[in-house]
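Be aware that the sequence shown starts at 1, since it is given in full-length UniProt numbering, and climbs by one per residue.
A virtual CB, placed ideally from N, CA and C, is assigned to each residue, including glycine.
A short write-up of the structure that comes next.
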Amino acid sequence: VGDNNDDDNDDDDLDEHPSYEDDDKTPPWEENDGYYGLLSRLVRTAAPNFIWSVRATYDTSTLNKDQMVNHYSRNGCFTTKVGLCKSLRNL
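Structure below.
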């Protein structure tokens with residue numbers, strides 16, 4: 001019927017970044033002049049307009065007029081990396 005190619009559908013290996021522990025090379029997310037450093041500098045001073053909170057209460061006196069806070073109980077499905085990955089896999 002069809003070939004089962006395990007190389008194309010290997011969901012178990014989610015680590016896309018190689019291990020840098022034994023190398024002398026600096027990981028890209030720790031380089032100040034790399035791609036991640038540039039993105040970090042672009043958003044460092046940006047204030048978020050929409051904030052997801054894992055806490056049921058949030059001090060709204062610290063918000064600007066154009067900011068909102070959203071909270072859902074048991075919101076781990078989209079506020080954690082693991083929950084987001086599981087939700088996307090279930091689509």
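Residue i: first and last residue of the uninterrupted alpha helix (DSSP H) it sits in
i	result
residue 43	35–43
residue 82	81–89
First and last residue of the uninterrupted beta strand (DSSP E) at residue i
i	result
residue 54	Looking at the DSSP string, residue 54 is not in any beta strand (DSSP E), and its letter there is neither H nor E.
residue 70	68–70
Cutoff 8 Å: residue i Cβ touching any chain C Cβ
i	result
residue 88	Absent here is chain C; the protein component of the structure consists of one chain.
Beta-bridge pairing of residue i - partner residues as DSSP gives them
i	result
residue 50	68
Check whether residue i and residue j have beta carbons under 8 Å apart
i	j	result
residue 43	residue 79	no
Touching by the beta-carbon criterion (3+ pairs, under 8 Å), the segment 65–80 and the segment 46–56: yes
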